[in-house]
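4 protein chains.
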Amino acid sequence: MTDFQALKDFFRHDEFARQNGIEIVEIAEGYARTQVRIEPRHLNAGGSVQGGVLFTLADLAFAAATNSHGTLTVTSTANITFIRGARDGIITAQARETVNHRHLPFCEVRVTDNDGNLVAIFTASGYRKEGVRAVAEREP
Amino acid sequence: MTDFQALKDFFRHDEFARQNGIEIVEIAEGYARTQVRIEPRHLNAGGSVQGGVLFTLADLAFAAATNSHGTLTVTSTANITFIRGARDGIITAQARETVNHRHLPFCEVRVTDNDGNLVAIFTASGYRKEGVRAVAEREP
Amino acid sequence: MTDFQALKDFFRHDEFARQNGIEIVEIAEGYARTQVRIEPRHLNAGGSVQGGVLFTLADLAFAAATNSHGTLTVTSTANITFIRGARDGIITAQARETVNHRHLPFCEVRVTDNDGNLVAIFTASGYRKEGVRAVAEREP
Amino acid sequence: MTDFQALKDFFRHDEFARQNGIEIVEIAEGYARTQVRIEPRHLNAGGSVQGGVLFTLADLAFAAATNSHGTLTVTSTANITFIRGARDGIITAQARETVNHRHLPFCEVRVTDNDGNLVAIFTASGYRKEGVRAVAEREP
Chain A
11 MTDFQALKDF FRHDEFARQN GIEIVEIAEG YARTQVRIEP RHLNAGGSVQ
61 GGVLFTLADL AFAAATNSHG TLTVTSTANI TFIRGARDGI ITAQARETVN
111 HRHLPFCEVR VTDNDGNLVA IFTASGYRKE GVRAVAEREP
Chain B
11 MTDFQALKDF FRHDEFARQN GIEIVEIAEG YARTQVRIEP RHLNAGGSVQ
61 GGVLFTLADL AFAAATNSHG TLTVTSTANI TFIRGARDGI ITAQARETVN
111 HRHLPFCEVR VTDNDGNLVA IFTASGYRKE GVRAVAEREP
Chain C
11 MTDFQALKDF FRHDEFARQN GIEIVEIAEG YARTQVRIEP RHLNAGGSVQ
61 GGVLFTLADL AFAAATNSHG TLTVTSTANI TFIRGARDGI ITAQARETVN
111 HRHLPFCEVR VTDNDGNLVA IFTASGYRKE GVRAVAEREP
Chain D
11 MTDFQALKDF FRHDEFARQN GIEIVEIAEG YARTQVRIEP RHLNAGGSVQ
61 GGVLFTLADL AFAAATNSHG TLTVTSTANI TFIRGARDGI ITAQARETVN
111 HRHLPFCEVR VTDNDGNLVA IFTASGYRKE GVRAVAEREP
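Protein chains in written order, with the numbering used here: chain A, 11 to 150; chain B, 11 to 150; chain C, 11 to 150; chain D, 11 to 150.
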């Protein structure tokens, strides 16, 4: 079984997520939840949360959920649909792995605001590298 | 005709792109080019450029290209396929608006590394708000 | 309120679906179910159900669900991920409109085989034409 | 080198494409062209070419282009954006394999009408099965 704490620790080395305040809250088998507290640095020129923030939040949830089985999985192709703008509060992404496939897992992620409104829907296919452990890469 | 310099100035207020070193290099009618110089802050836990960096880079190019006609356009739905990892150098995104539609424009973006290798392909549909100017929002 | 029977009757004029044995079983508010009984004419060169059959089945469910409010809605952009092959039996698509937006609704469709296995996942954004009735077009 | 004629012959066993008048015109390395002559049987309830016809046409071009190297490749995930309606004439799809990857090739397909107008844009990722020949399956 996967050590979820070790996986969370591994993802703390994601510098882009970390420096932008995007973090993993929970990992379980085929599931993950991430969040970000919106600050002025997350906004686009129109004053809304930048689409890249929402994508990064969702993709990190995808990565945590699909790597939860212990085998390294990378995002192959992702689709994001923006439903409504957000300007402040905490934004949450919840990833559920719909298809736990040996090579090509599929995962659905819902991004919601403080009030539970749907902000974006993200779906993605991963590519799973058989025989490569999810957290092995950073070992000395 | 659109004032491309004014549009570039408008997008400088994109705090998320600005603080992450992602910038617009060129805007023309239905076209835009963005770039980012990769630093340690752009990497994921595995040491590669984080997918969110590539998405943000491509989406900013999309925004600049589709707003180049002067009418406000937002991203509706986007698809990104990651082709190969990148670890350093300058990453460039070039957006070409394939369909300049009154309501639903479509744009294709190619993301390449220093050596011209394809790193990611991004396609997106926008939603164009008739009668709303692209750079109007920030005026006092 | 929409007359679901009239909407079903309208879609019977979809010649491509009809001639290929793809039919609407149920329409409700923001929901629809379609099905097809697999025959040799639905197979590809490898002997599996052709991807175009699954797409058509899912897209028809999308059309029925998103037109269920009475306003004409067309598919703008759709994404389909093929999960596992199917060779016979009845294939069913269930569409749920996640976002009932005035202009840009979003709908998720699950395609399953006889045993309830997931065969494909389809998501799509529609374009809704305000003021145009869903079933008006064929009236004399 | 692949025998393109043998590959074309193999795809003639695609019953769904064949019975709906959708055919491969040309196959080259990483490239294919398909077409369909629109008849009343290809129309939807609104009198336009059904989206499933366009998807099937594009996906067949994808299949021919990605199998042109001789290794079996199936569609993993596909995205189609409908640009403008079509009602008659010959519709053509041209597939170009942008990424000839060992496992996950990527291909872009443009669908145009008689006058060269863009009708739909299709992009897809395939899954390539190393060591399995593209045309082997039907041998006795």
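Don't be surprised by glycine CBs; every beta carbon is placed ideally from N, CA and C. Source: prediction; values computed, not measured.
Quiz item: What residue from D:F26, D:A27 and D:L17 has the CA that sits closest to I37 (chain D)'s CA?
Solution: As a first step, residue 37 (chain D) is located in the fourth sequence; it is residue number 27 there, counting from the start. For the set D:F26, D:A27 and D:L17, the Cα lying nearest the Cα of I37 (chain D) is the one of D:L17.
Exercise. Measure from the alpha carbon of L82 (chain D) to the alpha carbon of each residue in D:R51, D:F72, D:D98 and D:V119, then state which is nearest.
Key: One-based indexing of the fourth sequence puts residue 82 (chain D) at position 72. For the residues D:R51, D:F72, D:D98 and D:V119, the minimum Cα distance to L82 (chain D) belongs to D:F72.
Quiz item: Which residues of chain C have a Cβ atom closer than 8 Å to the Cβ of T133 (chain A), listed in chain order?
Solution: One-based indexing of the first sequence puts residue 133 (chain A) at position 123. Result: N89, T91, I131 and T133.
Exercise. Flag this pair as yes or no: are the beta carbons of V119 (chain C) and A96 (chain C) separated by less than 8 Å?
Key: Stepping through the third sequence from its first residue, residue 119 (chain C) is reached at position 109. Stepping through the third sequence from its first residue, residue 96 (chain C) is reached at position 86. No, the pair does not count as a contact, with Cβ atoms beyond the cut-off.
Exercise. At 7 Å on the CB atoms, spell out the chain D contacts of S78 (chain C), in chain order.
Key: Counting from one through the third sequence, the residue named residue 78 (chain C) turns up at place 68. None at all; the shortest Cβ gap to chain D is about 14 Å.
Quiz item: Of all the residues that make up the segment 105-119 of chain D, which are near chain A by a beta-carbon distance shorter than 9 Å?
Solution: If you check each beta-carbon in the segment 105-119 of chain D against every beta-carbon of chain A, the ones closer than 9 Å belong to H113, L114 and F116.
Exercise. Would you mind giving the Cβ-Cβ distance between G80 (chain D) and R143 (chain D), rounded to the nearest angstrom? I have them listed as a contact below 8 Å.
Key: Sequence index remark: in the fourth sequence, residue 80 (chain D) carries index 70 (1-based). Sequence index remark: in the fourth sequence, residue 143 (chain D) carries index 133 (1-based). Contact annotation, G80 (chain D) with R143 (chain D): C-beta distance approximately 6 Å; criterion of less than 8 Å satisfied.
Quiz item: Nearest-angstrom Cα distance between N77 (chain C) and G40 (chain C)?
Solution: Start at 1 with the first residue of the third sequence, and residue 77 (chain C) comes out as number 67. Start at 1 with the first residue of the third sequence, and residue 40 (chain C) comes out as number 30. In a straight line, the C-alpha of N77 (chain C) is about 8 Å away from that of G40 (chain C).
Quiz item: So which of C:N54, C:G136, C:E107 and C:I101 has the shortest CA-CA distance to T85 (chain C)?
Solution: Within the third sequence, the letter at position 75 stands for residue 85 (chain C). Nearest neighbour of T85 (chain C) by Cα position, chosen from C:N54, C:G136, C:E107 and C:I101, turns out to be C:G136.
Quiz item: What is the DSSP secondary structure of L128 (chain B), reduced to helix, strand or coil?
Solution: For the purposes of this step, residue 128 (chain B) is taken as residue 118 along the second sequence, with counting starting at 1. L128 (chain B) falls in the strand class under three-state DSSP.
Quiz item: Can you give the Cα-Cα distance for N124 (chain C) and A103 (chain C), rounded to whole angstroms?
Solution: Locating residue 124 (chain C) in the third sequence gives position 114, counting from the first residue. Locating residue 103 (chain C) in the third sequence gives position 93, counting from the first residue. N124 (chain C) and A103 (chain C): Cα-Cα distance of roughly 11 Å.
Quiz item: Can you find a CB in chain D that lies within less than 8 Å of the CB of G141 (chain C)?
Solution: As a position in the third sequence, residue 141 (chain C) is number 131, starting the count at 1. Cβ-Cβ to chain D under 8 Å: no for G141 (chain C).
Quiz item: What is the residue span of the alpha helix (DSSP H) that E39 (chain B) lies within?
Solution: To locate residue 39 (chain B), count along the second sequence from 1; it is residue 29. No alpha helix (DSSP H) holds E39 (chain B); DSSP gives it neither H nor E.
Quiz prompt | Proximity winner among A:I32, A:I48 and A:A27, relative to G99 (chain A) (alpha-carbon distances) | solution = Taking the first sequence and counting its residues from 1, one reaches residue 99 (chain A) at position 89. Comparing Cα positions, the closest option is A:I48.
Quiz item: Does A42 (chain A) come within less than 8 Å of chain B when only Cβ atoms are used?
Solution: On the first sequence, position 32 is the one that residue 42 (chain A) refers to. For A42 (chain A), no Cβ of chain B is located within less than 8 Å of the residue's own Cβ.
Self-check item: Reduced DSSP secondary structure (H/G/I, E/B, other) of T108 (chain B)
Solution: Walking along the second sequence from the start, residue 108 (chain B) turns up at place 98. In the structure shown, T108 (chain B) falls within a strand segment according to DSSP collapsed to helix, strand and coil.
Quiz item: With respect to the alpha helix (DSSP H) encompassing L70 (chain B), which residues constitute its N-terminal and C-terminal limits?
Solution: Here residue 70 (chain B) corresponds to residue number 60 of the second sequence, with the count starting at 1. Counting along the chain, the alpha helix (DSSP H) containing L70 (chain B) begins and ends at G61 to T76.
Practice problem: Answer yes or no: does any C-beta atom of chain B fall closer than 8 Å to that of V121 (chain A)? | Solution: Within the first sequence, numbered from 1, the residue matching residue 121 (chain A) stands at position 111. No, no contact with chain B.
Quiz prompt | Beta-carbon neighbours of L70 (chain C), restricted to chain A and to distances below 8 Å | solution = Looking up residue 70 (chain C) in the third sequence gives position 60. Neighbourhood of L70 (chain C) in chain A, by CB distance below 8 Å: empty, with the nearest CB roughly 21 Å away.
Quiz prompt | CB contact below 8 Å: H23 (chain D) versus chain C | solution = As a first step, residue 23 (chain D) must be located in the fourth sequence, where it is residue number 13. Closer than 8 Å: yes.
Quiz item: Quick one: is Q15 (chain C) buried, meaning 16 or more other Cβ sit within 10 Å of its Cβ, or exposed?
Solution: Within the third sequence, numbered from 1, the residue matching residue 15 (chain C) stands at position 5. For Q15 (chain C), the number of other beta carbons within 10 angstroms of its own is below 16, and it is reported as exposed.
Exercise. Show which residues of chain D have a CB atom less than 9 Å away from the CB atom of S58 (chain A).
Key: Residue mapping note: residue 58 (chain A) aligns to position 48 of the first sequence, counting from 1. Under the 9 Å cutoff, chain D gives no residues; its nearest Cβ is about 24 Å from S58 (chain A).
Self-check item: Rounded C-alpha distance that separates P115 (chain C) from A68 (chain A)
Solution: As a first step, residue 115 (chain C) must be located in the third sequence, where it is residue number 105. As a first step, residue 68 (chain A) must be located in the first sequence, where it is residue number 58. Cα to Cα, P115 (chain C) sits roughly 21 Å from A68 (chain A).
Quiz item: Nearest-angstrom Cα distance between F26 (chain C) and R43 (chain A)?
Solution: Against the third sequence, residue 26 (chain C) aligns to sequence position 16. Against the first sequence, residue 43 (chain A) aligns to sequence position 33. Roughly 42 Å separates the two Cα atoms.
Self-check item: Exposed unless 16 or more other CB atoms sit within 10 angstroms - verdict on N89 (chain A)
Solution: Taking the first residue of the first sequence as 1, we reach residue 89 (chain A) at position 79. Taking all protein chains shown into account, N89 (chain A) has 16 or more neighbouring C-beta atoms within 10 Å of its C-beta and is therefore buried.
Quiz prompt | Partners in chain B for F14 (chain A), counting only beta-carbon separations shorter than 8 Å | solution = Start at 1 with the first residue of the first sequence, and residue 14 (chain A) comes out as number 4. The premise fails here: F14 (chain A) is roughly 15 Å from chain B at the closest Cβ pair, so nothing lies under 8 Å.
Quiz item: To which residues of the same chain is V129 (chain A) closer than 7 Å at the C-beta, ignoring the five residues directly before and after it?
Solution: On the first sequence, position 119 is the one that residue 129 (chain A) refers to. L64, I93, R94, A96, I101, V121, T122 and D123.
Quiz item: Do L67 (chain A) and the ligand GTP come close, with the Cβ less than 7 Å from some heavy atom?
Solution: Looking for the ligand GTP in the displayed structure turns up nothing, as the structure carries no ligands at all.
Quiz item: In its own chain, which residues sit with a C-beta less than 8 Å from the C-beta of S58 (chain B), not counting the 5 before and 5 after it?
Solution: As a working note, residue 58 (chain B) is residue 48 in the second sequence. Shown here for S58 (chain B): same chain residues with a beta carbon closer than 8 Å to its own, the five before and five after excluded, namely G95, A96 and R97 in chain order.
Quiz item: DSSP three-state call for E49 (chain B): helix, strand or coil?
Solution: Taking the second sequence and counting its residues from 1, the one referred to as residue 49 (chain B) is at position 39. When secondary structure is reduced to three states using DSSP, E49 (chain B) falls in the coil class, being assigned neither helix nor strand.
Quiz item: Which residues bound the beta strand (DSSP E) around A88 (chain B)?
Solution: One-based indexing of the second sequence puts residue 88 (chain B) at position 78. Counting along the chain, the beta strand (DSSP E) containing A88 (chain B) begins and ends at T81 to F92.
Quiz item: Name the chain D residues that come within less than 8 Å of A27 (chain C), Cβ to Cβ?
Solution: Within the third sequence, the letter at position 17 stands for residue 27 (chain C). Per Cβ cutoff of 8 Å: N54, Q60 and G62.
Quiz item: Taking just the CA atoms, how far does D19 (chain A) sit from N30 (chain A)?
Solution: Residue 30 (chain A) sits at position 20 when you count from the first residue of the first sequence. Residue 19 (chain A) sits at position 9 when you count from the first residue of the first sequence. Going from the Cα of N30 (chain A) to the Cα of D19 (chain A) covers about 17 Å.
Quiz item: With 8 Å set as the bound, which would you pick, yes or no: does the beta-carbon of R51 (chain A) sit closer than that to a beta-carbon of chain B?
Solution: Position 41 of the first sequence, counted from the start, is the residue given in the question as residue 51 (chain A). For R51 (chain A), the answer is yes, since a Cβ of chain B falls inside 8 Å of its Cβ.
Quiz item: Just how far apart, CA to CA, sit E33 (chain A) and R28 (chain B)?
Solution: Start at 1 with the first residue of the first sequence, and residue 33 (chain A) comes out as number 23. Start at 1 with the first residue of the second sequence, and residue 28 (chain B) comes out as number 18. Spanning the two alpha carbons is a distance of roughly 21 Å.
Exercise. Would you tell me roughly how many angstroms separate the C-alpha atoms of R138 (chain D) and H113 (chain D), rounded to the nearest one?
Key: Here the question's residue 138 (chain D) lines up with position 128 in the fourth sequence. Here the question's residue 113 (chain D) lines up with position 103 in the fourth sequence. In a straight line, the C-alpha of R138 (chain D) is about 5 Å away from that of H113 (chain D).
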